[in-house]
Every structure is written in structure tokens, then in C-alpha cells.
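K.L.:
Here my numbering runs 46 ahead of the position in the sequence shown, where the first position is 1.
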Amino acid sequence: MQKTNKKGILITVFIISMVGIIYICYSSLKINDKIIYLGNDNVASIKVSRFTDYDEFLKGKSPSIIIYNQRNDMDTSAAFIAGEVNINYDFYMKDKDYELEFVRKNGESFSVGLMSKEKVPKDNIINIPFIAYDFDHSIRGRLEKAIITIDGTEIANLKLKIY
């Protein structure tokens with residue numbers, strides 16, 4: 047009776063240990079070197095690239111964005127985000143504060159201020175490039191949606207899909 051009881055306890059401890067190890071490994075996995083997210087609705091569309099390599103980030107960002115930081119200043123960032131938002135001119139408001147909020151799969155969020163353009167192109171689509179720095183290393187930090195606000199009012203809630 048004691049042998050089967052010890053054996054059962056050992057098996058239970060082993061199974062619990064394996065589940066714990068698998069959970070720790072899965073939650074600390076880094077996501078791919080580059081992930082592209084896309085989202086759109088009738089108000090706006092977004093393309094977001096998340097890089098873990100700083101040099102790739104520099105190549106992938108819009109040429110209109112100038113980065114003054116040196117590579118060693120960026121060591122604290124887990125990833126670098128570059129992208130662009132296209133807003134339908136019918137929803138565009140000049141001289142307003144635009145903000146882009148990213149919501150992760152794990153519920154956490156972070157925001158990026160957007161610099162609005164002064165000149166409206168012929169196709170009536172306002173293109174706003176942006177960059178951000180991400181500090182989440184885990185696969186659970188995957189981006190799920192992007193919310194665009196103007197002066198605190200939500201104008202678009204875009205579900206992000208991995209491309």
C-alpha cells in the first residue's frame with residue numbers, strides 16, 4: 047500500500063513540475079524577429095511592424111521619422127515598432143491631438159502620440175507614420191488591437207491580425 051502511495055505522489059509531483067516548466071518556457075518565449083500586424087475599418091487602416099532587431103527597425107521605419115538615439119541607448123527595449131495609420135479625410139480634424147493606443151493579448155496597453163499632417167493628399171487619405179518602443183518580451187505581449195482617438199474621443203477600434 048505504501049509503495050503505490052509513494053508512486054502516486056511521485057507521479058503527481060512530476061506532472062505538476064512538467065506543467066510548471068512548460069508554462070514558464072511558453073510565457074517567456076520571445077516572439078519572431080519581425081511581426082507585421084494589419085487592421086482596418088471604414089475610418090482608418092493601420093500597418094504595424096514589430097522588430098526585435100534594431101537595424102531592421104531602422105530600415106523598416108518611415109524615412110520621414112528621424113531617430114537621434116544611439117544603438118546602445120536602445121538596449122532596454124525588447125522590441126521596436128514602426129508603422130503607419132491611414133485615416134479617411136472625412137474623419138480627419140486639423141489641429142487636434144491624435145493618439146494611438148495598442149492593447150496586448152494579455153490586456154496591457156501602451157499609447158503613442160501621432161503627429162497629424164497639415165496637407166491633405168488628393169486621395170483624401172491622411173497617412174501618419176509612427177514609431178514606438180516595446181518592453182514586453184513574452185509571446186503573451188502580442189498586439190491585439192489598436193484604438194485611434196482624437197482629443198480623447200475614439201474614432202477607430204482596429205482588430206489587429208498577424209500578416
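Using N, Cα and C, we set each Cβ at its ideal position, and we do this for glycine too.
Rounded to the nearest angstrom, how far is the Cβ of LYS205 from that of GLY129, given a contact under 8 Å?
P.N.:
Contact flag wrong, Cβ pair sits at about 15 Å.
K.L.:
Would you kindly check if the distance between the Cβ of SER110 and the Cβ of PRO40 is under 8 Å?
P.N.:
Absent from the model: residue 40. The displayed extent of the chain is 47 to 209, so no value can be given.
K.L.:
With contact counted as at least three CB pairs below 8 Å, one residue from each stretch, are the region 62 to 72 and the region 196 to 203 in contact?
P.N.:
no
K.L.:
With a cut-off of 8 Å on the beta carbons, I'd call VAL131 and LEU160 a contact; round off their distance for me.
P.N.:
At roughly 6 Å, the Cβ-Cβ gap stays under 8 Å, so VAL131 and LEU160 are in contact.
K.L.:
Does PHE126 come out as helix, strand or coil in the three-state DSSP assignment?
P.N.:
strand
K.L.:
With LYS151 and GLU102 assumed to form a contact (beta carbons below 8 Å), what rounded beta-carbon distance in angstroms separates them?
P.N.:
In fact, because the Cβ distance is near 23 Å, the residues do not count as touching under 8 Å.
K.L.:
Using only the alpha-carbon positions, how far apart do TYR179 and PHE126 sit?
P.N.:
Inter-residue distance for TYR179 and PHE126 is about 5 Å (C-alpha atoms, whole angstroms).
K.L.:
Can you give me the C-alpha to C-alpha distance between ASP79 and SER95, rounded to a whole angstrom?
P.N.:
10 Å
K.L.:
Indicate the three-state DSSP secondary structure (helix, strand or coil) for SER108 in the structure shown.
P.N.:
coil
K.L.:
Would you give the residue range spanned by the beta strand (DSSP E) that ASN203 belongs to?
P.N.:
199 to 205
K.L.:
Would you kindly work out how many angstroms separate the C-alpha atoms of LYS142 and TYR100, rounded to a whole number?
P.N.:
31 Å
K.L.:
Are the Cβ atoms of PHE137 and VAL59 separated by less than 8 Å?
P.N.:
no
K.L.:
If you check the beta carbons only, do SER155 and VAL149 fall under 8 Å apart?
P.N.:
yes
K.L.:
Could you tell me the distance, in whole angstroms, from the CA atom of ILE208 to the CA atom of ILE81?
P.N.:
Straight across, the Cα-Cα distance linking ILE208 with ILE81 is about 7 Å.
K.L.:
Alpha carbon to alpha carbon, how far is VAL65 from LYS53?
P.N.:
18 Å
K.L.:
I'd like the list of long-range same chain contacts for SER162, defined as Cβ closer than 6 Å, with 5 residues on each side in sequence excluded.
P.N.:
TYR144
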